[in-house]
Amino acid sequence: MEVVYLSFILMLSIFLGFELIAKVPATLHTPLMSGSNAISGITLVGALSSAGGGFTQLATIL
């Protein structure tokens with residue numbers, strides 16, 4: 007039953023994302039994507055630092 011809920015959430019997020027992006031004018035795509043990429047980068051750095059919390063050598067390599 008959990009797979010059904012997760013599939014529903016995935017389909018809903020795909021639909022909403024497509025509808026929201028389709029309504030944004032072309033001149034705003036570049037600033038929106040740069041902000042999105044910055045947030046993704048911050049998230050990635052935070053995930054790597056928290057993943058290596060107890061393993062300093064592994065955190066240095068990552």
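Taken in order, the sequence shown gives residues 7 to 68; the numbers are from our numbering.
Using N, Cα and C, we set each Cβ at its ideal position, and we do this for glycine too.
query	result
Collapsed DSSP secondary structure at Val30 in the structure displayed	coil
Beta-carbon proximity of Leu38 to Val30, cut-off 8 Å	yes
The alpha helix (DSSP H) enclosing Met39, as first and last residue numbers	35 to 57
Own chain partners of Leu34 with C-beta closer than 8 Å, once the 5 adjacent residues on each side are dropped	none
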